[in-house]
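To start, the structure under review is shown below, and the notes come after it.
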Amino acid sequence: MGTDPTVDHHHVHTRDPREGSAQPLHADALIDLRTDAFDVQLMYYPQAVTADMGGTLIVPGSHLRRTNETDTGRYQNLRGQTRLTCPAGTVVLLHHGIWHGGRRNDSDTVRHMYKIRFNPTVPQVRLWDTGDLHDPAVREELGHVFPWYEQATGRLEIHNRIRLWRLLSGDPDFDRVLGHPHHQPTGTERSA
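Position 61, counted from 1, in the sequence shown is what our numbering calls 1046; the numbers after and before it change by one each time, with no gaps.
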């Protein structure tokens, strides 16, 4: 996040025992159309969350698929989704656009989660330990395909991920080299 992030939103989310419904799958703050930064959401679970308490459903790799907040609410059981159950004291950091939702609490215990959304106030470029920046595992991870991706649009997800990596790494030429599996050569490069 860098220095002095602002707090855009914070809220204690409570799921009552045996309330009988789940929160629709959704993304937060997608009215924010910035392409040069993103918010980081911190989710804190003060108590152990067991499977019967429902947990938080998260769809990995969905953070760059822009939807209007609850348009994903009709989706159920996406391949590759995860349900976060965890020990007390767990902290999860997420991109503000990740699809998520609180699941139904079928236990006899009230479930709590505290969420804070941080807005960056500085460019989000190389704000982490960059010792492995050029490790081949980075390229491999950026090319990972999640099971819920459609065949036709899965490439768009990888393209958006590469655009974000260019921003975060400060490398505008990342993935523009010949021979990379996700690189599509231009007509000039094909004839060279």
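C-beta: ideal position from N, C-alpha, C; glycine also.
When the distance is taken between beta carbons, is MET986 closer than 9 angstroms to VAL1025? In the sequence shown, counting from the first residue as 1, residue 1025 sits at position 40. In the sequence shown, counting from the first residue as 1, residue 986 sits at position 1. Between VAL1025 and MET986, the gap from beta carbon to beta carbon is short of 9 angstroms.
Nonlocal neighbours in the same chain, by C-beta distance under 8 angstroms from THR988, ignoring five residues either side: On the sequence shown, position 3 is the one that residue 988 refers to. Within the same chain, and ignoring the five residues on either side of THR988 in sequence, the residues whose Cβ sits closer than 8 angstroms to its Cβ are THR1106 and VAL1107.
Of the listed residues GLY1039, HIS1085 and TYR1030, nearest to THR1052 (C-alpha basis): Your numbering for residue 1052 matches position 67 in the sequence shown. Per the Cα distances, HIS1085.
LEU1042, buried or exposed, once every other Cβ within 10 Å from all chains shown has been counted against 16: Here residue 1042 refers to the residue found at position 57 of the sequence shown. Under this definition LEU1042 is a buried residue.
Every unbroken beta strand (DSSP E) inside the segment 1011-1093 [3 residues or more]: 1025-1030, 1041-1044, 1067-1069, 1075-1080 and 1084-1087
Let me confirm a value: ASN1062 is counted as buried when at least 16 other C-beta atoms fall within 10 Å, else exposed. Which label applies? Residue mapping note: residue 1062 aligns to position 77 of the sequence shown, counting from 1. Classification for ASN1062: exposed.
Can you look up HIS1119 in the DSSP assignment and give me helix, strand or coil? Mapped onto the sequence shown, residue 1119 falls at position 134. Residue state, collapsed to three classes: coil.
Inter-residue CB distance, SER1047 and ILE1101 (contact presumed, cutoff 8 angstroms): Here the question's residue 1047 lines up with position 62 in the sequence shown. Here the question's residue 1101 lines up with position 116 in the sequence shown. The pair is not a contact, with the Cβ atoms about 20 angstroms apart (cut-off 8 angstroms).
Please state whether the Cβ-Cβ distance between THR991 and ASN1104 is less than 9 angstroms. As a first step, residue 991 is located in the sequence shown; it is residue number 6 there, counting from the start. As a first step, residue 1104 is located in the sequence shown; it is residue number 119 there, counting from the start. Yes, they are a contact pair.
With 16 other CB atoms within 10 Å as the buried threshold, where does PRO1157 fall? Reading the sequence shown from its first residue, position 172 is the one you call residue 1157. Exposed, by the Cβ-count rule.
Tell me where the beta strand (DSSP E) around HIS1129 begins and ends. Position 144 of the sequence shown, counted from the first residue, corresponds to residue 1129. Element bounds for HIS1129: n/a, residue is neither H nor E.
Around the C-beta of VAL1076, are 16 or more other C-beta atoms found within 10 angstroms, so that it is buried, or is it exposed? Locating residue 1076 in the sequence shown gives position 91, counting from the first residue. VAL1076 is exposed by the Cβ-count criterion.
Contact set for ALA1036: own chain, Cβ-Cβ below 7 angstroms, skip 5 residues either direction: Numbered from its first residue, the sequence shown carries residue 1036 at position 51. Only THR1070 meet the Cβ criterion.
Closest Cα partner of ALA1012 within the set VAL1123, PRO1045, VAL1130 and HIS1097: By 1-based counting over the sequence shown, the position of residue 1012 is 27. Across the set VAL1123, PRO1045, VAL1130 and HIS1097, the C-alpha of PRO1045 shows the shortest separation from the C-alpha of ALA1012.
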